[in-house]
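Asker: All residue numbers for the sequence shown refer to my numbering, where the first residue is 737 and numbers rise by one.
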Amino acid sequence: MIASVLPTYNRAPFSFVKGEGSWLIEADGRRFLDLGAGIAVNVLGHANPALTEALTAQAGSVWHTSNLYEIPQQKALADKLVDATFADTVFFTNSGTESCELAVKMARKYWYEKGHPERTEIITFSGSFHGRSSAGIAAAGSEKMTKGFGPLLPGFVHLPFADHEAIAPAITHHTAAIMIEPVQGEGGIIPVPDQCLKGLRDLCDEHGILLILDEVQCGVGRTGKLFAHEWAGIEPDIMMVAKGIGGGFPLGAVLSTENAASGMTAGTHGSTYGGNPLGCAVGNAVMDAVNTPEFLDDVNRKAGALRQKLEGLVAAHPDMFESVRGQGLMIGIKCKATNTDIVQAGYDQQVLTVPAADNTIRLLPPLNITDEEIGEAVDRLDKAAASLAA
Ligand SMILES: *Cc1c(COP(=O)(O)O)cnc(C)c1O
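1. Please name the residue or residues paired with Q1063 in a DSSP beta bridge.
2. In three-state terms, what does DSSP make of V1026?
3. Could you please give the first and the last residue of the uninterrupted alpha helix (DSSP H) stretch that includes T833?
4. Nearest to E1047 by alpha carbon, out of S1059, R1037, K1038?
5. Where E806 and T1004 are concerned, what is the direct C-alpha to C-alpha distance, given to the nearest angstrom?
6. What's the call for W799, buried or exposed, on a 16-neighbour Cβ count within 10 Å?
7. Are the CB atoms of L791 and V1018 nearer to each other than 7 Å?
8. Whose C-beta lies closer than 7 Å to the C-beta of F752 among residues of the same chain, with five residues either side of it excluded?
9. Do S869 and T833 have their C-beta atoms closer together than 7 Å?
10. I want to check one thing, is the minimum distance from the CB of D1094 to the heavy atoms of ligand 1 below 6 Å?
11. Which stretch, first to last residue, makes up the alpha helix (DSSP H) that contains T860?
12. I'd like the ranges of any alpha helix (DSSP H) spanning at least 4 consecutive residues and lying wholly in the region 755–788.
13. By Cβ distance, which residues of its chain are closer than 6 Å to G709, with the 5 residues on each side in sequence left out?
14. Could you tell me whether any non-hydrogen atom of ligand 1 is closer than 6 Å to the CB of A822?
15. So, using beta-carbon positions, are V840 and A871 closer together than 7 Å?
16. Which value, in whole angstroms, describes the spacing of the CA atoms of R1061 and I1067?
17. Check this for me: beta carbons of L991 and A823, under 7 Å apart or not?
18. Going by DSSP in three states, R1098 sits in which element: helix, strand or coil?
19. Can you find a heavy atom of ligand 1 that lies under 6 Å from the Cβ of F865?
20. Where does L813 fall in DSSP's three states?
21. By DSSP's criteria, L947 is part of a beta bridge. Which residues make up the other side?
22. Which two residues bound the contiguous alpha helix (DSSP H) that contains H1163?
23. Please return the same chain residues whose Cβ sits closer than 6 Å to the Cβ of I1105, not counting the five positions on each side in sequence.
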């Protein structure tokens, strides 16, 4: 008999009853060090006092009104994002998938309004992940995600990752945009080198097409900049955001330049929940905490310390691990042993990591993880590796 919860996930047998900072606590009292943070979502850890305060204060006032009316919390968060980034305008969603939907619609509408309705194609890359909607799976294009779900949304051109030579010839008079994650997340924490992001920006400028960055996983302070593309010194035309921006409250956003958003006039897009007072109250508190030089400096400092310890871990267990990669507190450890076995061995040491493609485990801890917890995390991973080897 089918489970009452649709069985699309293989779940680990934990049901956490409480969270405290970087820790998740089981009903029996066991404490797990959470290096997954709900897949890069809980940027300020669990039960963060500032977020709890923002949420409960708003909950006692007004939760939801509808985008039929002005929403001051939404305007405030949009202003913050516009001030802090390349963007001139923001649309709020509830998830990364919905951000992908709008990014695709926006790019196509841009060309339609410019008198080029034939420019509908979006170039994407192997190993990418853009969400689970019909547009998201068609954009990523992997058989694992698309098989059985056809007919797929047309208009995506899939190129091999890191094949520079393939990109320019793939741009035609049907191309609307290039869409890419600055650091592939589900693909195994694979950063796109700064030079390549610059190259993509140049290519888009040369051909007058739009650059869409998917920063759903790598954005909101994760890499040590507010958004990962800042490392490369480039700006996109459109950017997808979600995960960290709500700190655990379902919230996403599409950020855009005025030019790229020029087709999106009243009535062309909408969302019932997107940008409601409750979500945006939390989003404002996240931005206030994360977008300060001190906070981001601290992410970079801790990332350096963690990275160094992980290099030691890999060196100490050459049969288990191959290498460390990533940027900031978005770290992938390429495994020699099966990645899911290492995740499992971590469970036994009460440390939570997340598997990804390319036989990788992901470390995406809360950005306010402490130095002591970083030491504890690596100790536990060391014990996990030793126990798996034994
Ligand atoms: C998680 C993710 C998505 C999808 O976000 P959801 O909130 O799960 O819909 C899209 N793109 C990237 C890069 C992601 O990591």
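Positions of the beta carbon are idealized from the N, C-alpha and C atoms, including for glycine.
Answerer: So, from the data block:
1. Counted from its first residue, the sequence shown places residue 1063 at position 327. In DSSP, Q1063 forms a bridge with M1066.
2. Taking the first residue of the sequence shown as 1, we reach residue 1026 at position 290. V1026 falls in the helix class under three-state DSSP.
3. Position 97 of the sequence shown, counted from the first residue, corresponds to residue 833. It spans 832–849 - the alpha helix (DSSP H) in which T833 sits, taken as one unbroken run.
4. Position 311 of the sequence shown, counting from 1, holds the residue named residue 1047. Of the listed residues, the one whose Cα sits closest to E1047 is S1059.
5. Along the sequence shown, read from residue 1 onward, the residue named residue 806 stands at position 70. Along the sequence shown, read from residue 1 onward, the residue named residue 1004 stands at position 268. So the alpha carbons of these two residues sit roughly 18 Å apart.
6. Here residue 799 is taken as the residue at index 63 of the sequence shown, counted from 1. Under this definition W799 is an exposed residue.
7. The residue given as residue 791 occupies position 55 in the sequence shown. The residue given as residue 1018 occupies position 282 in the sequence shown. Cβ distance < 7 Å, so L791 and V1018 count as in contact.
8. Position 16 of the sequence shown, counted from the first residue, corresponds to residue 752. Result list for F752: L760, I761, E762, in chain order.
9. Residue 869 sits at position 133 when you count from the first residue of the sequence shown. Residue 833 sits at position 97 when you count from the first residue of the sequence shown. Yes.
10. The count along the sequence shown starts at 1 and reaches residue 1094 at position 358. No, Cβ of D1094 sits at least 6 Å from all heavy atoms of ligand 1.
11. Taking the first residue of the sequence shown as position 1, residue 860 is located at position 124. Premise fails: T860 lies in the beta strand (DSSP E), 857–861, not in any alpha helix (DSSP H).
12. 773–776
13. Because residue 709 is not part of the residues shown, which for the chain are 737 to 1126, the question remains open.
14. Position 86 of the sequence shown, counting from 1, holds the residue named residue 822. The identity of residue 822 in the sequence shown is Phe, whereas the question assumes Ala. F822 Cβ: outside cutoff for every heavy atom of ligand 1.
15. As a first step, residue 840 is located in the sequence shown; it is residue number 104 there, counting from the start. As a first step, residue 871 is located in the sequence shown; it is residue number 135 there, counting from the start. Yes, Cβ-Cβ distance for V840 and A871 is below 7 Å.
16. Here the question's residue 1061 lines up with position 325 in the sequence shown. Here the question's residue 1067 lines up with position 331 in the sequence shown. So the two alpha carbons sit approximately 6 Å from each other.
17. The count along the sequence shown starts at 1 and reaches residue 991 at position 255. The count along the sequence shown starts at 1 and reaches residue 823 at position 87. Their beta carbons are under 7 Å apart, which means L991 touches A823 by this criterion.
18. Within the sequence shown, numbered from 1, the residue matching residue 1098 stands at position 362. Looking at R1098 - three-state DSSP - the assignment turns out to be strand.
19. As a working note, residue 865 is residue 129 in the sequence shown. Yes, the beta carbon of F865 sits closer than 6 Å to at least one heavy atom of ligand 1.
20. The sequence position of residue 813 within the sequence shown is 77, counting from 1. Helix.
21. For the purposes of this step, residue 947 is taken as residue 211 along the sequence shown, with counting starting at 1. Note: L947 sits in a beta bridge opposite I914.
22. Any property of residue 1163 remains undetermined from this structure, which presents the chain solely from 737 to 1126.
23. Residue mapping note: residue 1105 aligns to position 369 of the sequence shown, counting from 1. Around I1105: S758.
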